[in-house]
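Reading through the structure tokens given below for one structure.
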Amino acid sequence: MPLSTPVDREPMHRRGIEMHGYRRADGLFDIEAHLLDTKFGAFENEEKGLMPPGAPVHGMWIRLTVDDDMLIHACEAASDHTPYAVCPQAAPNFARLAGLRIGPGFNRAVQERVGGVLGCTHLREVLAQMATVAYQTLYPVRREKEQAAAAATGGREKPRLIGTCLAYAPDSPVVRSRWPWLAADAAAE
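Just so you know, we're using our numbering here: the sequence shown kicks off at 254 and counts up by one.
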């Protein structure tokens, strides 16, 4: 279902974020994002002068290399288009994310390592979405591992998905269908 018809309006700013997840030949996974901000009209830049419509305000890349346990092995960032000449100096600091694990507390850990003057607001914001892309990329791999572990333990391990969103609420139709024993446990509580 699309959004309702808007009031007449004119476009002013566009942010495009494209993300991809890849399986690497060495068994690791790359999660890449490209962020591009443009203006529909001409705009003034303090350092570059008058910029034409469509000129990039921000053009940034970031890559996380992770394993199947969501441990970050490397992070590389590049800022091709920025409003200020000093901005690209923040990109190398994102290598500090190596060693973090994507999961609970990830955004806080990112803030501690590359927050404030240590990083770039736009690259940090993209990282939260990249964590979700990492999860989606690794889902089949992690599900296969969880199924093998469940088979070894009789299938009564509580999946990590439970309680993470409406669809995976303990009493949801999805949980009742996929994990009937969990739904029964939730109903008994």
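Yeah, the Cβ is synthetic: ideal placement off N, Cα and C, and Gly gets one too.
CB of residue i within 7 Å of CB of residue j, strictly
i    : j    : result
A308 : M383 : no
D320 : L281 : yes
L376 : I315 : yes
A331 : A344 : yes
N346 : G372 : yes
G356 : M323 : yes
Beta-carbon proximity list for residue i, same chain, < 7 Å, skipping 5 on both sides
i    : result
A420 : V427
E300 : Y337 and A338
R366 : R349 and L350
L303 : A295 and E297
Whole-angstrom distance between residue j and residue i, CA atom to CA atom
i    : j    : result
L353 : Y337 : 29 Å
P306 : P255 : 28 Å
S430 : A278 : 36 Å
Q342 : R276 : 29 Å
P412 : T390 : 17 Å
T318 : H273 : 12 Å
A327 : E397 : 25 Å
T374 : A404 : 44 Å
V386 : I284 : 7 Å
V260 : D424 : 40 Å
Nonlocal neighbours in the same chain, by C-beta distance under 8 Å from residue i, ignoring five residues either side
i    : result
E263 : F293
Mind the definition here: the region 256-271 touches the region 288-298 only if three or more C-beta pairs lie below 8 Å; say whether that holds. yes
As an exercise, report each continuous alpha helix (DSSP H) stretch of at least 4 residues that is fully enclosed by the region 338-423, in chain order. 359-367 and 374-406
Which residue spans inside the region 300-340 form an unbroken beta strand (DSSP E) run of at least 3? 302-304, 309-319 and 325-334
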